[in-house]
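Trainee:
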Amino acid sequence: MHSPLLMTTTLLIIFALLINPLLLTFTPSPLPNRWHSTSVKNSVKMAFFTSLIPLFLFLDKGTETIITTWSWMNLMTFDISISLKFDLYSITFIPVALYVTWSILEFASWYMHSDPYINRFFKYLLMFLIAMIVLVTANNMFQLFIGWEGVGIMSFLLIGWWYARADANTAALQAVLYNRIGDIGLILAMAWIAMNLNSWEITQVFTLASNQDLTLPLVGLILAATGKSAQFGLHPWLPSAMEGPTPVSALLHSSTMVVAGIFLLIRLNPLMEQNPLTQTLCLCLGALTTLFTALCALTQNDIKKIVAFSTSSQLGLMMVTLGLNQPQLAFLHICTHAFFKAMLFLCSGSIIHALNDEQDIRKMGGMHQLTPFTSSSLTLGSLALTGTPFLAGFFSKDAIIESLNTSYLNAWALVLTLVATSLTAIYSLRLTFFVTMGHPRFNPLSPINENNPMVINPIKRLAWGSMAAGLLITSNILPIKLPVMTMPTPIKLAAIIVTIIGLLIALELALITSKQHTALPKRSPYLFSNMLGFFPTIIHRLPTKLSMILGQNIATQTVDLAWLEKVGPKASTLLNLPLITTTSNAQKGAIKTFLMFFTLTIMLTLPSLL
Amino acid sequence: MTPVHFTFSTTFILGLMGLALHRTHLLSALLCLEGMMLSLYVALSLWTLQLDSINLSPSPMLLLAFSACEASAGLALLVATSRTHGSDQMKALNILQC
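Protein chains in written order, with full-length UniProt numbering: chain R, 1 to 610; chain L, 1 to 98.
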């Protein structure tokens with residue numbers, strides 16, 4: 001069997017399958033009512049099964065292919081063409097993304113079924129998926145940038161789906177602004193590469209960049225990843241993005257879009273290998289992110305926000321892995337994380353709908369008796385997230401922490417990451433405790449049922465994925481870098497020990513919530529965590545206020561008024577009036593002045609005559 | 001400068017100052033004008049004695065006659081001013097309007 005031909009054909013068929021439903025939307029006749037589930041979901045399902053063929057070909061023979069189709073533009077020696085690269089990363093990521101998207105679309109058919117614009121919603125989700133796949137398969141920076149901007153725009157449109165809500169509009173705008181700051185970094189990197197290496201093809205960039213000082217473009221790329229993947233400094237948009245519907249949160253802001261920044265750094269990792277400065281930057285930034293967002297997740301009361309901060313924390317962990325020069329482990333974590341995080345979001349969505357749109361965990365409870373399947377999957381997802389041995393998260397998370405422990409790097413980053421791992425266990429236990437255990441804290445009037453197969457089947461599929469994906473991926477993909485296999489036993493068990501300590505602390509704390517332990521609570525640590533470290537409060541208000549005061553004082557009052565009053569029209573008045581007054585005082589026509597001037601003249605000229 | 005020369009020059013200049021730097025009444029200006037005329041008469045009268053020339057002997061008489069005409073013209077102006085303005089105060093006089 002001619003495997004390269006088969007591979008390229010199936011890969012192009014995937015694109016055709018995904019674009020096909022979109023083409024139907026350009027016809028003038030209105031879409032059929034069930035277009036979203038018949039056309040979109042089925043095309044994604046078929047695309048997933050089609051994408052398994054290249055995956056198996058790659059696993060069996062190791063074929064990787066680059067498809068270069070259309071020569072887009074040529075500027076003297078600089079060529080840009082449409083070029084799709086299917087290597088380890090894209091061939092593995094596409095089936096994962098399509099599997100998760102398939103489940104989410106099926107869930108969204110149930111979640112959004114009362115929405116009159118559900119067809120448009122699915123169209124947006126499909127456009128997002130296509131943009132993401134364009135990003136992942138890009139072989140040149142231009143195509144990557146197209147995918148990058150595409151996912152950013154679709155994120156904006158989807159977060160602001162319920163646009164009548166002011167908070168949703170603010171959150172969408174926040175997402176766009178923070179992403180834009182990251183885009184500055186990406187454009188900086190692209191400009192540097194275009195100027196110095198004269199090409200945007202990634203393979204060519206790797207060859208040409210071996211002896212150059214790449215600090216500037218790498219810092220630009222790290223800035224881009226900070227914006228898109230919500231690292232510390234540009235992170236507030238991710239919890240605010242929970243204003244969008246749950247399928248949007250599940251697809252964009254847990255599995256797919258937010259990993260775009262990390263994916264960019266993974267793709268361009270050969271540039272980072274020789275630059276220890278950028279590696280340290282990634283390490284410290286990721287460690288700070290993972291700890292800070294895990295701290296913020298501890299006291300949130302909205303179920304979606306807890307999961308959002310959990311995503312942010314895991315993204316920080318991926319950044320730490322990149323700082324350790326282990327792109328493959330980061331990629332592994334991306335794939336396994338997609339499964340259990342999407343499942344956590346779908347379970348949250350199911351619970352929210354069951355409780356009649358209640359999102360506050362303080363008003364949930366006892367869901368284990370009422371929605372056993374959903375709460376079991378929630379527990380499974382939380383266990384996978386904390387790295388329970390042999391579930392999906394274990395293979396990636398434990399490997400990351402092992403390589404962190406055995407490397408000769410920054411001890412501070414190590415400590416932060418370990419503390420964040422234990423915090424992961426704490427907030428996961430808090431989530432599960434408040435949602436599924438105990439007695440219900442809501443009105444018993446909402447129709448709680450999870451009998452619809454459109455809810456059960458996606459969650460079931462993702463649960464199977466959360467259980468098996470880690471094992472499947474690690475046993476089939478050979479590691480490029482040699483992992484350290486021998487280490488002292490405490491180091492090997494560090495992640496598990498830290499997680500168990502966190503679990504025990506959390507259980508202890510959760511059990512005293514119903515008893516009054518101290519007379520008065522300590523407010524400051526709680527407030528720090530609940531208000532997200534006051535980061536949004538300060539950053540969203542202070543710089544804007546200062547800029548506006550600056551604008552008012554300098555632009556309006558100083559510059560404009562100075563031009564008007566001291567330099568321009570009014571200044572001529574100011575200068576002329578005293579002169580006019582003096583002159584007209586002397587020219588009143590009084591005889592006295594006249595005669596006085598007469599004598600003065602005579603007095604002055606008389607000596608010359610004599 | 002001889003003392004006589006000095007005397008009538010000083011008189012003339014004092015009269016000129018008085019004409020120009022007066023304060024309130026027009027009449028005092030006219031009086032100063034008369035003083036100036038008087039000093040000029042003295043000067044012309046001494047011309048023949050000082051310079052030993054009899055060429056301009058009748059000139060003081062002519063000056064006196066013309067000074068009388070001029071004084072009467074000044075007085076007529078004074079009367080006209082007091083008729084129109086109601087007083088002969090200097091500050092009521094303005095070149096720009098009558």
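Ideal Cβ placement from N, Cα and C applies to all residues, glycine included.
1. Drop a sphere of 10 angstroms on the beta-carbon of R/Val258, count the other beta-carbons inside from all chains shown, and report buried for 16 or more, exposed for fewer.
2. What are the residues of the segment 577-592 of chain R that lie near chain L, defined by any Cβ-Cβ distance shorter than 8 Å?
3. Per the contact definition of three or more C-beta pairs closer than 8 Å, is the segment 199-208 of chain R in contact with the segment 160-180 of chain R?
4. Specify, as a first and last residue, the run of the alpha helix (DSSP H) that R/Thr69 falls within.
5. Is there at least one Cβ from chain R nearer than 8 Å to L/Leu33's Cβ?
6. Give me the Cβ distance between R/Lys41 and R/Ser109, rounded to the nearest whole Å; I'm assuming they're in contact under 8 Å.
7. Checking 8 Å against the spacing of the C-beta atoms, do R/Val136 and R/Ile94 come in under that value?
8. How do the segment 248-255 of chain R and the segment 179-191 of chain R stand: do at least 3 beta-carbon pairs fall below 8 Å, yes or no?
9. Would R/Met487 and R/Thr421 be called neighbours here (beta carbons separated by less than 8 Å)?
10. Look up L/Gln89 in the DSSP assignment and give the residues it is bridged to.
11. In the structure shown, what three-state DSSP assignment does R/Leu610 receive?
12. Among R/Leu216, R/Leu404, R/Tyr99, R/Thr290, which residue has its Cα nearest to the Cα of R/Ala308?
13. Would the beta-carbon of L/Thr48 be found less than 7 Å away from any heavy atom of the ligand MN?
14. The segment 11-28 of chain L: which residues have C-beta closer than 9 Å to a C-beta of chain R, in chain order?
15. Closer than 7 Å by C-beta to R/Ala425: which residues in its own chain qualify, once you throw out the five before and the five after it? Chain order, please.
16. Check the Cβ of R/Met596 against every Cβ in chain L and list those closer than 9 Å, keeping chain order.
17. If you run the structure through DSSP and keep just helix, strand and coil, what is R/Leu355?
18. Give the DSSP-derived three-state secondary structure of R/Ala138 in the structure shown.
19. Determine the closest residue to R/Leu22 out of R/Pro578, R/Ile130, R/Lys566, with distance taken between C-alpha atoms.
20. Return yes when the Cβ of R/Trp102 is within less than 8 Å of the Cβ of R/Phe48, no when it is not.
21. Scan the segment 198-263 of chain R and note each continuous alpha helix (DSSP H) run of 4 residues or more that stays entirely inside, going in chain order.
22. Tell me, please, whether the CB atom of L/Leu78 is closer than 8 Å to any CB atom in chain R?
23. Between which residues of its own chain and R/Ala454 is the CB-CB distance below 8 Å, once the five residues before and five after are set aside?
24. Name, going along the chain, the residues of the segment 50-61 of chain L whose beta-carbon falls closer than 7 Å to a beta-carbon of chain R.
25. Can you round the beta-carbon distance between R/Phe442 and R/Lys363 to whole angstroms, since I take them to be within the 8 Å contact cut?
26. Between the alpha carbons of R/Gln326 and R/Ala297, how many angstroms are there, rounded?
27. Answer yes or no: does any C-beta atom of chain L fall closer than 8 Å to that of R/Thr556?
28. Among R/Val100, R/Pro440, R/Ser3, which has the Cα closest to the Cα of R/Gln369?
29. Just to confirm the assignment: which complete alpha helix (DSSP H) runs, minimum length 4, are found wholly within the segment 511-587 of chain R?
30. Within this structure, are the beta carbons of R/Ile104 and R/Gly244 separated by less than 8 Å?
31. Going by DSSP, what residue range makes up the alpha helix (DSSP H) through R/Phe373?
32. In terms of residue numbering, what span does the alpha helix (DSSP H) encompassing R/Lys397 cover?
33. Under a three-way DSSP split, which group does R/Ser312 fall into?
34. Quick check on L/Asn94: does DSSP put it in helix, strand or coil?
35. Just reading off the alpha helix (DSSP H) that R/Asp60 is part of, what are its end residues?
36. At which residues does the alpha helix (DSSP H) containing R/Phe292 begin and terminate?
Mentor: By the coordinates alone:
1. Position 258 of the first sequence, counted from the first residue, corresponds to residue 258 of chain R. When all chains shown are included, R/Val258 counts as buried.
2. Lys588, Gly589, Ala590, Ile591, Lys592
3. no
4. As a first step, residue 69 of chain R must be located in the first sequence, where it is residue number 69. First-last for R/Thr69: 65-75, but that is the beta strand (DSSP E), not the alpha helix (DSSP H).
5. Position 33 of the second sequence, counted from the start, is the residue given in the question as residue 33 of chain L. By this cut-off, L/Leu33 is not an interface position.
6. Here residue 41 of chain R corresponds to residue number 41 of the first sequence, with the count starting at 1. Here residue 109 of chain R corresponds to residue number 109 of the first sequence, with the count starting at 1. That belief holds up - the Cβ atoms of R/Lys41 and R/Ser109 are roughly 7 Å apart, short of 8 Å.
7. Looking up residue 136 of chain R in the first sequence gives position 136. Looking up residue 94 of chain R in the first sequence gives position 94. Yes, these two residues count as a Cβ contact at 8 Å.
8. Fewer than three beta-carbon pairs drawn from the segment 248-255 of chain R and the segment 179-191 of chain R are found closer than 8 Å, and the two stretches are therefore not classed as touching.
9. For this step, residue 487 of chain R is matched to residue 487 along the first sequence. For this step, residue 421 of chain R is matched to residue 421 along the first sequence. Against a cut-off of 8 Å, the Cβ pair of R/Thr421 and R/Met487 comes out as no contact.
10. For the purposes of this step, residue 89 of chain L is taken as the residue at position 89 of the second sequence. DSSP, once it has assigned bridges, lists L/His25 as partnering L/Gln89.
11. Along the first sequence, read from residue 1 onward, the residue named residue 610 of chain R stands at position 610. Coil.
12. On the first sequence, position 308 is the one that residue 308 of chain R refers to. R/Ala308 has its Cα closest to that of R/Thr290, out of R/Leu216, R/Leu404, R/Tyr99, R/Thr290.
13. Annotation note on the ligand MN: not contained in the displayed structure, which lists no ligands.
14. Flagged, chain order: Ile13, Leu16, Met17, Leu19, Ala20, Leu21, His22, Arg23, Leu26.
15. Position 425 of the first sequence, counted from the start, is the residue given in the question as residue 425 of chain R. If we look at R/Ala425 and ignore the five residues flanking it on each side, its Cβ neighbours are Thr386, Thr499, Gly502, Leu503, Ala506.
16. The residue you call residue 596 of chain R lines up with position 596 of the first sequence. Per Cβ cutoff of 9 Å: Ala20, Leu21.
17. Along the first sequence, one-based indexing puts residue 355 of chain R at 355. Three-state result, R/Leu355: coil.
18. Translated into positions along the first sequence, residue 138 of chain R becomes position 138. The answer is strand: DSSP assigns R/Ala138 an E or B state.
19. As a position in the first sequence, residue 22 of chain R is number 22, starting the count at 1. Residue R/Ile130 is the option with its Cα nearest to R/Leu22.
20. For the purposes of this step, residue 48 of chain R is taken as residue 48 along the first sequence, with counting starting at 1. For the purposes of this step, residue 102 of chain R is taken as residue 102 along the first sequence, with counting starting at 1. In this structure, R/Trp102 lies closer than 8 Å to R/Phe48 by Cβ.
21. 202-208, 215-228, 237-240, 246-250
22. Within the second sequence, the letter at position 78 stands for residue 78 of chain L. Answer no: the Cβ-Cβ gap between L/Leu78 and chain R never drops below 8 Å.
23. As a position in the first sequence, residue 454 of chain R is number 454, starting the count at 1. Per the sequence shown, residue 454 of chain R should be read as Met rather than Ala. Hits under 8 Å: Glu106, Phe107, Ser109, Trp110.
24. Of all residues in the segment 50-61 of chain L, none places a beta-carbon less than 7 Å from a beta-carbon of chain R.
25. Sequence index remark: in the first sequence, residue 442 of chain R carries index 442 (1-based). Sequence index remark: in the first sequence, residue 363 of chain R carries index 363 (1-based). Confirmed, about 5 Å.
26. Counting from one through the first sequence, the residue named residue 326 of chain R turns up at place 326. Counting from one through the first sequence, the residue named residue 297 of chain R turns up at place 297. Each residue's Cα considered, the two are about 27 Å apart.
27. Locating residue 556 of chain R in the first sequence gives position 556, counting from the first residue. Output row for R/Thr556: interface = no.
28. Within the first sequence, residue 369 of chain R is the residue found at index 369, counting from 1. Measuring from the Cα of R/Gln369, the nearest candidate turns out to be R/Pro440.
29. 523-530, 535-550, 569-586
30. What you label residue 104 of chain R is simply residue 104 of the first sequence in a count that begins at 1. What you label residue 244 of chain R is simply residue 244 of the first sequence in a count that begins at 1. Not in contact: R/Ile104 and R/Gly244 (Cβ atoms no closer than 8 Å).
31. As a first step, residue 373 of chain R must be located in the first sequence, where it is residue number 373. First-last of the alpha helix (DSSP H) with R/Phe373: 372-386.
32. For the purposes of this step, residue 397 of chain R is taken as residue 397 along the first sequence, with counting starting at 1. Unbroken alpha helix (DSSP H) run through R/Lys397: 392-405.
33. Working through the first sequence from its first residue, we reach residue 312 of chain R at position 312. Correct three-state label for R/Ser312: helix.
34. As a working note, residue 94 of chain L is residue 94 in the second sequence. Reduced to three states, the DSSP call for L/Asn94 is strand.
35. Within the first sequence, the letter at position 60 stands for residue 60 of chain R. Looking at the DSSP string, the run of the alpha helix (DSSP H) that includes R/Asp60 is 42-61.
36. Along the first sequence, read from residue 1 onward, the residue named residue 292 of chain R stands at position 292. Unbroken alpha helix (DSSP H) run through R/Phe292: 276-297.
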